[in-house]
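Numbering (my numbering), first residue to last: -6 to 194. Each residue gets a CB set at the ideal place from its N, CA and C atoms; glycine is no exception.
What follows is the structure, encoded as structure tokens:
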């Protein structure tokens, strides 16, 4: 269980996420049943102190230290606060980030819509489908390979609305290239996240 702490921001990841290849629109998406959080991710009020014994406390995020996991923290340069965590495990990379949300309505529907528009504006490709966590997105972004050839960067976006928070996960690596073990490994990490929203507005 290697834990590597670095002072980086997610600006690059966010810009990459917003610049992903997109084909199709939210209107093209199938009807998706809302994800039930009974198996996680959980809110801090839904777990006990004993449940969190194998977790690292990152403030708003509590991440369970699972076998074979490498954790990198990304922080805000101005405040030093942790704004995202990137986990690598079994060939998969998962970036998790928590956001404040309204008490009564979730924001995942709006985020998917905005992301789809952003990706489309950059010539990208988006597929919205019913996945493990309800509505999910597979995005493809044109990119150059190390040898200068045309290629694409593929990412899977998952999102879960909780009580006054939204948790986003961006999965990449072999987990989106047909490796079922890597995909299941990333899903386990995301499912075990605990969010501590706090009392601030």
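| said: Considering Cα atoms alone, identify which of 113, 114, 115, 109 is closest to residue 121. | reply: Considering only 113, 114, 115, 109, the residue with the shortest C-alpha distance to residue 121 is 109.
| task | Express the C-alpha separation of residue 54 and residue 102 in angstroms, rounding to a whole number. | result | Here the alpha carbons of residue 54 and residue 102 stand approximately 22 Å from one another.
| Does the distance from the CB of residue 89 to the CB of residue 186 come in under 8 Å? | A contact, by the Cβ cut-off of 8 Å.
| message | Please list the terminal residues of the continuous alpha helix (DSSP H) segment that includes residue 174. | response | Annotation for residue 174: the continuous alpha helix (DSSP H) segment containing it runs 173 to 184.
| query | Is the number of C-beta pairs between the segment 176 to 192 and the segment 34 to 42 that are closer than 8 Å three or more? | reply | Per the Cβ contact rule, the segment 176 to 192 is in contact with the segment 34 to 42 (3 or more Cβ pairs under 8 Å).
| request: Ignore the nearest five residues each way along the sequence and tell me which others in residue 152's own chain have a CB closer than 6 Å to its CB. | output: Excluding five sequence positions before and after residue 152, the CB atoms of its chain that fall closer than 6 Å to its own CB belong to 101, 161, given in chain order.
| query | Are residue 85 and residue 178 closer than 8 Å when you measure CB to CB? | reply | Yes, the pair counts as a contact, with Cβ atoms nearer than the cut-off.
| query | What is the DSSP secondary structure of residue 82, counted as helix, strand or coil? | reply | Taken through DSSP and simplified to helix, strand or coil, residue 82 comes out as strand.
| task | Would you tell me roughly how many angstroms separate the C-alpha atoms of residue 144 and residue 113, rounded to the nearest one? | result | Roughly 17 Å between the two C-alpha positions.
| query | What's the call for residue 96, buried or exposed, on a 16-neighbour Cβ count within 10 Å? | reply | Exposed, by the Cβ-count rule.
| Cβ neighbours of residue 69 in the same chain (closer than 6 Å, five flanking residues each side left out) | Cβ neighbours of residue 69 beyond the five flanking positions: 76.
| query | So the beta strand (DSSP E) residue 145 belongs to, where does it begin and stop? | reply | Going by DSSP, residue 145 is part of the beta strand (DSSP E) stretching over 143 to 155.
| query | Exposed or buried, residue 174, counting other C-beta atoms within 10 Å across all chains shown (16 or more means buried)? | reply | Looking at its Cβ environment, which holds fewer than 16 other Cβ atoms inside 10 Å, residue 174 is exposed.
| field | Straight-line gap, residue 78 to residue 49 (C-alpha atoms, nearest Å) | value | When only Cα atoms are considered, residue 78 and residue 49 end up about 11 Å apart.
| Span of the beta strand (DSSP E), counted from its first residue to its last, around residue 132 | Going by DSSP, residue 132 is part of the beta strand (DSSP E) stretching over 127 to 137.
| request: Can you say whether residue 195 is buried or exposed, counting buried as having 16 or more other CB atoms within 10 angstroms of its CB? | output: Residue coverage of the chain in this structure runs from -6 to 194, which leaves residue 195 outside it and unanswerable.
| task | Please name the residue or residues paired with residue 87 in a DSSP beta bridge. | result | Paired residues: 80, 164.
| query | Looking only at its own chain, which residues have a Cβ that is under 7 Å from the Cβ of residue 28, when we skip the five neighbours before and after it? | reply | Here the set comprises 126, 127, 153.
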